[in-house]
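Residue numbers (this note's numbering): 81 to 392.
1. Count the other CB atoms within 10 Å of the CB of residue 358; is the residue buried (16 or more) or exposed (fewer)?
2. Start and end of the beta strand (DSSP E) containing residue 164?
3. DSSP state of residue 225, grouped into three classes?
4. If we call anything under 8 Å between Cβ atoms a contact, is residue 142 one with residue 160?
5. Around the C-beta of residue 354, are 16 or more other C-beta atoms found within 10 angstroms, so that it is buried, or is it exposed?
6. Within 10 angstroms of the Cβ of residue 322, are there 16 or more other Cβ atoms? Answer buried if so, exposed if not.
7. Pick helix, strand or coil for residue 307, following the three-state DSSP scheme.
8. Within 10 angstroms of the Cβ of residue 236, are there 16 or more other Cβ atoms? Answer buried if so, exposed if not.
9. Pull up the distance between the alpha-carbon of residue 90 and that of residue 125, whole angstroms please.
10. Would you decide whether residue 274 is buried or exposed? Buried here means 16 or more other CB atoms lie within 10 Å of its CB.
11. Can you tell me whether DSSP reads residue 123 as helix, strand or coil?
12. Checking 8 Å against the spacing of the C-beta atoms, do residue 335 and residue 367 come in under that value?
13. Within a Cβ cutoff of 6 Å, which residues of the same chain sit near residue 362, ignoring the five residues on either side of it in sequence?
14. If you count every other CB in all the chains shown that lies within 10 Å of the CB of residue 122, and 16 or more means buried, which is it?
15. Measure how close the beta-carbons of residue 314 and residue 157 come, nearest whole angstrom, since I'm counting them as under 8 Å.
16. Could you compute how far the alpha carbon of residue 299 sits from the alpha carbon of residue 311?
17. I'd like to know whether the C-beta atoms of residue 145 and residue 163 end up nearer to each other than 8 Å.
18. What does the Cβ neighbour count give for residue 308, buried or exposed, with the cut at 16 atoms within 10 Å?
19. Less than 8 Å separating the beta-carbons of residue 377 and residue 192?
20. Quick one: is residue 240 buried, meaning 16 or more other Cβ sit within 10 Å of its Cβ, or exposed?
21. Assuming residue 153 and residue 178 make a contact with CB atoms under 8 Å, what is their CB distance in whole Å?
22. Could you work out which residue in 327, 303 and 365 is closest to residue 196 when comparing CA atoms only?
23. Which runs of the alpha helix (DSSP H) spanning at least 4 residues fall entirely within the stretch 191 to 272, listed in chain order?
24. Please state the DSSP three-state secondary structure of residue 340.
25. Any contact of the stretch 217 to 228 with the stretch 261 to 268, i.e. 3+ C-beta pairs under 8 Å?
26. Going by C-alpha to C-alpha distance, which of 326, 364, 328 and 194 sits closest to residue 343?
27. May I ask you to report which of helix, strand or coil DSSP gives residue 283?
28. Would you mind reading off the limits of the beta strand (DSSP E) that contains residue 327?
29. Look at the alpha carbon of residue 360 and the alpha carbon of residue 268, and state the distance between them as a whole number of angstroms.
30. On the criterion of 16 or more Cβ atoms from any shown chain inside 10 Å, does residue 370 qualify as buried, or is it exposed?
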């Protein structure tokens, strides 16, 4: 229609003007956000003038693409609802956006939150920490990508993370995921994956993962801990399908406890060093959905508890 053509032309003119004269205060002028006030949540701008991203679509397909329909790929969970939240529009995510996205997901019924983003600077981390505490209170599992810098995040900042900035412990329902690869082509660990025997909980497949991309029945490969993260989130969702009474704490336990050691030394990402997997993540292993489901079956009726360290 003529209106659609005019709207498109006006959008292109605004896009050109923004490129030449960017606003001095983007968040205030364009997004209408009081970025110093965490309680200000009615902000945003639906006038999108950016290329179509594929990241969220690819991650979603890993979690829940329809199985056994002779199209594209099979998602991990075969009966899952996905709540799409664009917490990171383009570029560096803001702590306020992440905190509000977590709270929005929790308040609208999410049981698992998959977070394939990260950065090395977090000026308002306490906002994100409060949201993580809120998720734990509401029994929601948080799964986060470890990052793609081939760095040890035990010693290098990587946000968001499970450690609370006020020094009062860490989140009990947070899983940080590194990326594993193909043992026959490139090695057990992905060359780009971050790692850390204290901060990374488990590795999951993250190299040349085939999944959905925008465009209509379109599929493609992508690599990154961003792909490994939804593998773990999808596995958690799959477990909940069969054992819906499990708590977030129990989900974290069964996923980590059932992780499988590769049984050989592996390459430390970013180097040629061969090391024990236990030096790269807490579990010393890679996610194993089959073993996780078997372990989950033994947790029924445990009243939101997991075995103590002494009983392992």
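Virtual Cβ for every residue (Gly too), placed ideally from N, Cα, C.
Quick answer:
1. On the chain shown, position 278 is the one that residue 358 refers to. By the 10 Å Cβ count, residue 358 comes out exposed.
2. By 1-based counting over the chain shown, the position of residue 164 is 84. That residue, residue 164, is in no beta strand (DSSP E); it is neither H nor E in DSSP.
3. On the chain shown, residue 225 is found 145 positions in, with the first residue counted as 1. The answer is strand: DSSP assigns residue 225 an E or B state.
4. Counting from one through the chain shown, the residue named residue 142 turns up at place 62. Counting from one through the chain shown, the residue named residue 160 turns up at place 80. No, these two residues do not count as a Cβ contact at 8 Å.
5. What you label residue 354 is simply residue 274 of the chain shown in a count that begins at 1. Residue 354 comes out exposed.
6. Within the chain shown, residue 322 is the residue found at index 242, counting from 1. Result: exposed.
7. Residue mapping note: residue 307 aligns to position 227 of the chain shown, counting from 1. Helix.
8. Counting from 1 along the chain shown, the entry for residue 236 is found at position 156. Exposed.
9. Locating residue 90 in the chain shown gives position 10, where the first residue counts as 1. Locating residue 125 in the chain shown gives position 45, where the first residue counts as 1. Going from the Cα of residue 90 to the Cα of residue 125 covers about 16 Å.
10. The count along the chain shown starts at 1 and reaches residue 274 at position 194. Counting Cβ neighbours within 10 Å, residue 274 comes out buried, since at least 16 surround it.
11. By 1-based counting over the chain shown, the position of residue 123 is 43. Coil at residue 123, not helix or strand.
12. Within the chain shown, numbered from 1, the residue matching residue 335 stands at position 255. Within the chain shown, numbered from 1, the residue matching residue 367 stands at position 287. Yes, these two residues count as a Cβ contact at 8 Å.
13. The residue labelled residue 362 in the question sits at position 282 within the chain shown. Within the same chain, residue 362 has close Cβ partners 281.
14. Along the chain shown, read from residue 1 onward, the residue named residue 122 stands at position 42. Classification for residue 122: exposed.
15. Your numbering for residue 314 matches position 234 in the chain shown. Your numbering for residue 157 matches position 77 in the chain shown. Going by Cβ atoms, the distance from residue 314 to residue 157 rounds to 5 Å, so yes, they are a contact pair.
16. Residue mapping note: residue 299 aligns to position 219 of the chain shown, counting from 1. Residue mapping note: residue 311 aligns to position 231 of the chain shown, counting from 1. Distance between the alpha carbons of residue 299 and residue 311: 17 Å.
17. Looking up residue 145 in the chain shown gives position 65. Looking up residue 163 in the chain shown gives position 83. No, the Cβ-Cβ distance between residue 145 and residue 163 is not below 8 Å.
18. As a first step, residue 308 must be located in the chain shown, where it is residue number 228. The residue in question, residue 308, is buried, as its Cβ has 16 or more Cβ neighbours within 10 Å.
19. Stepping through the chain shown from its first residue, residue 377 is reached at position 297. Stepping through the chain shown from its first residue, residue 192 is reached at position 112. Against a cut-off of 8 Å, the Cβ pair of residue 192 and residue 377 comes out as no contact.
20. As a position in the chain shown, residue 240 is number 160, starting the count at 1. Buried: at least 16 other Cβ atoms inside 10 Å.
21. Sequence index remark: in the chain shown, residue 153 carries index 73 (1-based). Sequence index remark: in the chain shown, residue 178 carries index 98 (1-based). Actually they do not touch by this definition, with Cβ atoms about 28 Å apart.
22. Position 116 of the chain shown, counted from the start, is the residue given in the question as residue 196. The option with the nearest alpha carbon to residue 196 is 303.
23. 205 to 217
24. Numbered from 1 along the chain shown, position 260 holds the residue referred to as residue 340. Here residue 340 sits in strand by DSSP.
25. no
26. Working through the chain shown from its first residue, we reach residue 343 at position 263. The shortest Cα separation from residue 343 among 326, 364, 328 and 194 belongs to 364.
27. If you number the chain shown from 1, residue 283 lands on position 203. Residue 283: strand per DSSP, three-state reduction.
28. Numbered from its first residue, the chain shown carries residue 327 at position 247. Where residue 327 is concerned, there is no enclosing beta strand (DSSP E), given that its DSSP letter is neither H nor E.
29. If you number the chain shown from 1, residue 360 lands on position 280. If you number the chain shown from 1, residue 268 lands on position 188. Roughly 12 Å between the two C-alpha positions.
30. The residue labelled residue 370 in the question sits at position 290 within the chain shown. When all chains shown are included, residue 370 counts as exposed.
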